[in-house]
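Undergrad: To start, I am sharing the structure in question, which I have written as structure tokens.
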Amino acid sequence: MSKEITHWLDDLLAEIEGIVVRRKSSRRVRVDVPADALPALLELLQGRAGYIHLSAISCVDWIKEDEFELVYHVWSYESHSLVSAHIRIAREPGVYLSVYDLYQPAAFFERDIHEMYGIHFEGSPNMEKFILTEWDGPPPMRKEFDSEAYINEHLSWQNYNPEWLQELVAEGGGVIIPPEEQRFSQKKK
Amino acid sequence: MRPENYEAQRQPPSNEFELNFGPNHPGIEGNYALKVKLHGDVVLEAQADGGYLHRGFEKLMEQRLWIQNIALVPRICVPDPSPMELCYSMAVEQLCGLHVPQRANWIRVMQLELSRIAAHLFTFGGHAATTGMYSTMYWGVADRDLVLDLFEEFTGGRVYSIYNIPGGVRRELPSGFLQRVSETLDYIESRLPDYDNLFFKNQVFVKRAKDVGVMTQEQALAWGVTGPNLRATGLAFDVRRDDPYLIYDQLEFEIPTEESGDAWARTLVRRHELMESIRIVRQVVEALPDIHGPIRAPIPNPLAWNVPAGETYTRVESSKGELCYYVVSDGGPKPYRVHVRGPSSMHAVQVLEKLSVGSRIEDIAQTMFSLDACPPEVDR
Amino acid sequence: MGSIKQIPVVEAKRTNPLARVFDDLVRFCRSRSLFILHYCTGCGAIELPPAMTSRFDMERLGIQPMVSPRQADILLITGYVSIKTLKRVILTYEQMGSPKYVIGICSCTVNGGMYWQSYATAKKLDEYMPVDLYIAGCMPRPEAVIAGLQQLMDKIHSGEASSWEDYYRNYDYYLGNQQKLFGEDWQTPTDVISEAKHYDLLSEGTLGDHTRLLEQHQKPLEALEMRLGHEQEEPAK
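Protein chains in written order, with this note's numbering: chain A, 18 to 206; chain B, 26 to 405; chain C, 10 to 246.
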């Protein structure tokens with residue numbers, strides 16, 4: 018990416034209020050914006066800077082700060098650079114706007130984040146479950162969801178101490194794993 | 026003799042019906058399902074139904090050490106596992122600021138391209154089987170096995186190599202290995218004319234695949250299509266060239282494109298890519314004996330490895346398209362968040378749903394296999 | 010002559026000396042013509058195409074893939090089963106005609122394998138359906154798959170592979186585990202208890218608390234209605 022385009026992009030981004038731009042490498046730009054400025058930023062990037070490919074939307078659960086971080090990675094086929102726009106939204110109620118009208122691939126990512134984190138995107142075409150259609154627990158990717166506790170409750174472990182092995186051990190062979198040492202998840206209890 | 030109201034009876038009030046296509050169906054790639062609404066045998070509406078292969082990888086990776094995840098990531102895409110481990114390793118290297126030795130980079134490129142060859146041969150096999158040409162499937166899978174033998178020799182694993190670690194690769198190449206690589210490549214190249222005659226020029230395949238699942242370049246860009254599927258619409262974009270990683274900027278290769286954007290074009294792009302991959306591996310085989318040095322940067326004790334806090338987004342061109350990892354570290358011994366963006370999460374869901382509409386039901390398999398959708402990547 | 014009850018009942022014995030030979034022949038033929046159901050439940054399925062095609066060639070043992078569960082003999086569980094898949098696997102298993110055999114491929118079917126921490130996969134396959142044979146490994150090579158299938162052939166020939174009878178004899182146990190995972194209103198379209206009666210395999214373990222629970226919830230079988238999820242159903246007029 019030539020220097021002129023770099024400056025041009027910086028000037029363009031300066032139009033958004035409250036924006037922090039960090040250039041991580043020649044092809045990676047990190048942008049932090051307030052949550053309400055993101056649609057304007059994406060519109061600017063898509064309409065005037067050629068960032069037409071939404072590569073992914075990632076969600077990070079910062080449970081200590083009681084916030085969700087949403088990261089929009091957009092790529093330009095012209096300037097060959099990737100802008101990652103970071104926003105933070107409150108964990109409760111966990112509602113944000115959909116960017117489907119700008120980027121169609123957002124439908125899948127928003128649907129995925131909805132079922133894994135429970136964030137609701139207003140205006141997204143389909144907020145129904147896709148992967149976890151037969152799941153009735155809480156959104157599993159949230160940090161407070163303890164999957165080992167869930168497994169201990171719903172599923173059973175393989176028995177590593179069967180009778181035939183005990184007989185073998187009595188004869189001087191084989192190794193028994195006692196149930197309390199089987200998984201460290203159960204050891205804690 | 027026809028009854029009086031024959032014409033009225035012949036057309037039932039509605040011949041729309043709904044059908045579950047998969048998950049146990051030979052026309053579906055892997056364990057995946059489509060719910061389709063049909064009028065006769067023309068698809069009116071299709072809805073993808075995934076999650077049959079869901080293992081919760083992203084949650085599992087948050088619960089394991091950085092080094093343990095190396096064994097976990099290749100399982101995300103079974104036919105083409107090597108880009109997965111590379112992409113994850115690159116992310117950890119970027120977070121730690123590790124400098125990878127040159128020799129490791131060249132070996133990694135060889136591994137990636139061999140994996141691409143294996144994945145494409147496997148896809149051709151599956152695709153040919155949907156048109157009833159089982160010989161191509163038998164050949165393709167058997168030739169892929171030769172590449173797997175190479176993998177077994179230099180990584181120890183047939184399918185999941187688990188060869189990359191952050192900082193480099195795990196083992197030095199065995200002696201005489203490069204010679205065997207070029208022999209295998211020569212053999213695969215000598216087989217390609219046979220594949221052309223049997224499959225790519227076969228009228229059965231051409232007639233089945235032409236004008237099926239057509240998308241224009243504008244549609245492909247709007248739907249987030251990447252990889253060979255995007256190149257089949259005429260846009261020469263490849264992460265290897267346009268967002269280079271490893272040493273791809275030092276290698277000579279071309280980016281094959283096709284214009285028509287149908288199932289036939291997508292398959293043909295893969296056919297050309299096979300040649301380009303062979304060309305890349307040949308360059309590596311030629312250059313590797315002159316590149317000396319270590320194969321791995323020193324890393325701290327992997328069982329007590331606190332990766333510095335930060336976030337990074339790495340991109341790799343896998344055989345299916347653009348593969349990305351978003352990795353966040355909070356400075357702890359385990360990743361704070363890993364987000365996997367598999368290329369098939371676009372191709373197998375939205376694109377397949379849209380391309381199926383208007384096609385005949387028997388063409389869904391053509392569309393799905395030509396998109397090279399990989400369900401475990403969608404479900405994770 | 011007294012009443013009919015006084016007539017001593019002689020237990021029917023096979024007097025034909027060829028019967029044993031005939032049984033043996035049937036088992037031999039059965040073991041030489043096996044059809045594997047083509048259902049890729051997990052990642053171990055990637056080693057099945059090499060095992061089936063030119064290089065390792067399973068067909069020389071008389072083993073072939075089959076697309077429909079009604080005509081298949083072997084259900085290969087190739088790797089981890091997520092809970093969503095496990096439902097389909099059980100439906101498929103019950104649809105297969107007896108005698109049927111189950112092989113668990115990969116470590117994940119034995120104890121959950123490397124997904125032991127995952128909330129989405131079942132850990133022990135033999136809680137939900139009887140398993141004849143496990144092939145361990147992550148993933149087992151095609152040679153291991155073929156060796157396992159050969160072992161299954163020997164077991165069929167010697168008459169040891171009778172896990173399908175176990176499903177009828179201990180249906181209550183398997184149903185209980187399924188209900189624990191899928192909820193109490195879990196029901197499959199197959200009437201397993203009647204089938205157990207048909208095969209004369211009704212025993213103590215067939216009926217129990219869980220089958221009683223099933224009978225309470227059981228609805229008469231209707232044709233499956235397939236609709237797209239988001240569509241509103243219009244009231245019939």
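Even glycine gets a Cβ: it sits at the ideal position worked out from N, Cα and C.
Find the residues of chain A that neighbour C/Y128, judging by a C-beta separation of less than 7 Å, and give them in chain order.
TA: Translated into positions along the third sequence, residue 128 of chain C becomes position 119. Within chain A, the residues near C/Y128 are P157, S164, Y167, I168.
Undergrad: Return the first residue and the last residue of the alpha helix (DSSP H) that A/H70 is part of.
TA: Here residue 70 of chain A refers to the residue found at position 53 of the first sequence. Per DSSP, A/H70 belongs to no alpha helix (DSSP H); it is in the beta strand (DSSP E), 70-79.
Undergrad: In chain B, what lies closer than 8 Å to C/G51 by C-beta?
TA: By 1-based counting over the third sequence, the position of residue 51 of chain C is 42. In chain order: N56, L78.
Undergrad: So is the beta-carbon of A/L87 under 8 Å away from any non-hydrogen atom of the ligand NAD?
TA: With respect to the ligand NAD, the structure shown offers nothing to examine, as it has no ligands at all.
Undergrad: Of all the options B/F149, B/P99, B/Q242, which has the alpha carbon lying nearest to the alpha carbon of B/Y163?
TA: Translated into positions along the second sequence, residue 163 of chain B becomes position 138. Out of B/F149, B/P99, B/Q242, B/F149 has the C-alpha closest to the C-alpha of B/Y163.
Undergrad: Does the region 369-376 of chain B come into contact with the region 396-405 of chain B, if we say contact requires no fewer than three beta-carbon pairs (one atom in each stretch) closer than 8 Å?
TA: With a cut-off of 8 Å, the region 396-405 of chain B and the region 369-376 of chain B count as touching, because enough Cβ pairs lie within range.
Undergrad: Could you pull the DSSP bridge partners for C/I4 from this structure?
TA: Residue 4 of chain C falls outside the range modelled here, since chain C spans only 10 to 246, and no answer is possible.
Undergrad: Going along the chain, which residues of its own chain have a beta-carbon closer than 7 Å to the beta-carbon of C/D82, five neighbours each way excluded?
TA: Locating residue 82 of chain C in the third sequence gives position 73, counting from the first residue. L43, F44, K109, Y110.
Undergrad: Please name the residue in A/I136, A/F125, A/G135, A/L149 whose C-alpha comes closest to that of A/N143.
TA: On the first sequence, residue 143 of chain A is found 126 positions in, with the first residue counted as 1. When each option's Cα is compared against that of A/N143, the closest is A/F125.
Undergrad: Can you list the residues of chain C that A/Q175 reaches, using a CB-CB cut of under 8 Å?
TA: Here residue 175 of chain A refers to the residue found at position 158 of the first sequence. Ordered by position in chain C, the residues that pass the 8 Å Cβ test against A/Q175 are V119, N120, G121, K132, K133.
Undergrad: Mind pulling the chain B residues with CB within less than 7 Å of C/M148?
TA: Counting from 1 along the third sequence, the entry for residue 148 of chain C is found at position 139. Within 7 Å Cβ-Cβ: V184.
Undergrad: The region 251-273 of chain B: which residues have C-beta closer than 7 Å to a C-beta of chain A, in chain order?
TA: Here the close residues are F262, D267, D268.
Undergrad: Sort out for me which residues DSSP pairs A/L99 with in a bridge.
TA: By one-based count along the first sequence, residue 99 of chain A stands at place 82. A/L99 is bridged to A/R45, A/W92.
Undergrad: Closer than 8 Å is the cut-off here; do at least three beta carbon pairs connect the region 234-247 of chain B with the region 378-398 of chain B?
TA: The region 234-247 of chain B, when compared against the region 378-398 of chain B, does touch it at the 8 Å Cβ threshold.
Undergrad: Using a threshold of 9 Å, state whether the C-beta atoms of B/N56 and C/C49 are closer than that.
TA: Along the second sequence, read from residue 1 onward, the residue named residue 56 of chain B stands at position 31. Along the third sequence, read from residue 1 onward, the residue named residue 49 of chain C stands at position 40. Yes, Cβ-Cβ distance for B/N56 and C/C49 is below 9 Å.
Undergrad: Starting from B/T339, follow the alpha helix (DSSP H) in both directions and report where the run begins and ends.
TA: By one-based count along the second sequence, residue 339 of chain B stands at place 314. Per DSSP, B/T339 belongs to no alpha helix (DSSP H); it is in the beta strand (DSSP E), 335-342.
Undergrad: Does the CB of B/W164 have a neighbour CB from chain C at under 9 Å?
TA: Taking the first residue of the second sequence as 1, we reach residue 164 of chain B at position 139. So, interface residue.
Undergrad: Based on Cα-Cα distance, which residue from C/S171, C/Y176, C/Q159 lies nearest to C/D66?
TA: Indexing the third sequence from 1 puts residue 66 of chain C at position 57. Ranking the options by Cα distance to C/D66, first place goes to C/Q159.
Undergrad: Just confirm the distance between the C-beta atoms of A/Y9 and A/L59, as a whole number of angstroms; I'd bet it's less than 8 Å.
TA: The shown model of chain A, from 18 to 206, leaves out residue 9 of chain A, and the question about it has no answer.
Undergrad: Using a Cβ-Cβ cutoff of 8 Å, what residues of the region 350-379 of chain B are near chain A? List them in chain order.
TA: Cβ contacts with chain A come from Y351, V353, Y361, R362, H364, R366, S370, M371, V374, Q375.
Undergrad: Could you name the residues of the same chain whose beta carbon sits closer than 6 Å to that of B/Q119, not counting the 5 residues immediately before and after it, in chain order?
TA: By 1-based counting over the second sequence, the position of residue 119 of chain B is 94. Closer than 6 Å at the Cβ level, and outside the excluded window around B/Q119, lie T337.
Undergrad: When we look at the beta-carbon of A/A57 and count the other beta-carbons within 10 Å, is it buried (16 or more) or exposed?
TA: Counting from one through the first sequence, the residue named residue 57 of chain A turns up at place 40. Burial call: exposed.
Undergrad: Is B/V403 close to chain A, meaning its C-beta is less than 9 Å from at least one C-beta of that chain?
TA: Sequence index remark: in the second sequence, residue 403 of chain B carries index 378 (1-based). Yes, its Cβ sits closer than 9 Å to a Cβ of chain A.
Undergrad: Using a C-beta to C-beta distance shorter than 8 Å, which residues of chain C count as neighbours of B/A96?
TA: Position 71 of the second sequence, counting from 1, holds the residue named residue 96 of chain B. The contacting residues are M123.
Undergrad: Does C/S91 come out as helix, strand or coil in the three-state DSSP assignment?
TA: Here residue 91 of chain C is taken as the residue at index 82 of the third sequence, counted from 1. If DSSP states are grouped into helix, strand and coil, C/S91 belongs with the strands.
Undergrad: Which complete beta strand (DSSP E) runs does the region 50-103 of chain B hold, if anything under 3 residues is left out?
TA: The region 50-103 of chain B contains these whole beta strand (DSSP E) runs: 58-64, 67-74.
Undergrad: Can you tell me which of C/S40, C/A131, C/L84 puts its alpha carbon nearest to the alpha carbon of C/L190?
TA: Against the third sequence, residue 190 of chain C aligns to sequence position 181. Of C/S40, C/A131, C/L84, the residue nearest in Cα terms is C/A131.
Undergrad: List the residues of chain B that C/H47 touches, going by C-beta distances under 9 Å, in chain order.
TA: Here residue 47 of chain C is taken as the residue at index 38 of the third sequence, counted from 1. Within 9 Å Cβ-Cβ: N49, H50, P51.
Undergrad: Taking A/Y253 as the reference, give the member of A/I69, A/W152, A/E132 with the closest Cα.
TA: Only positions 18 to 206 of chain A appear in the structure, and residue 253 of chain A is not among them; the question remains open.
Undergrad: How would you write the range of the alpha helix (DSSP H) that B/V250 sits in, first residue to last?
TA: Position 225 of the second sequence, counting from 1, holds the residue named residue 250 of chain B. Note, B/V250: premise wrong, no alpha helix (DSSP H); not H, not E.
Undergrad: Short of 7 Å in beta carbon distance, which residues of its chain neighbour C/G122, apart from the five on each side in sequence? Order them along the chain.
TA: Against the third sequence, residue 122 of chain C aligns to sequence position 113. Here the set comprises Y89, C115, S116, C147.
Undergrad: Give the residues from the region 176-194 of chain A that approach chain F closer than 7 Å (Cβ to any Cβ), ordered along the chain.
TA: Looking at the structure shown, chain F is missing, and the protein chains on hand are A, B and C.
Undergrad: Determine the DSSP secondary structure at A/P179, reduced to helix, strand or coil.
TA: In the first sequence, counting from the first residue as 1, residue 179 of chain A sits at position 162. Coil.
Undergrad: Using a Cβ-Cβ cutoff of 8 Å, what residues of the region 82-99 of chain C are near chain A? List them in chain order.
TA: Hits within the stretch, in order: I92, K93, K96.
Undergrad: Quick check on DSSP: helix, strand or coil for A/A54?
TA: By 1-based counting over the first sequence, the position of residue 54 of chain A is 37. Helix at A/A54.
Undergrad: Is C/S63 close to chain B? Criterion is C-beta to C-beta, closer than 9 Å.
TA: The residue labelled residue 63 of chain C in the question sits at position 54 within the third sequence. Yes, contact with chain B.
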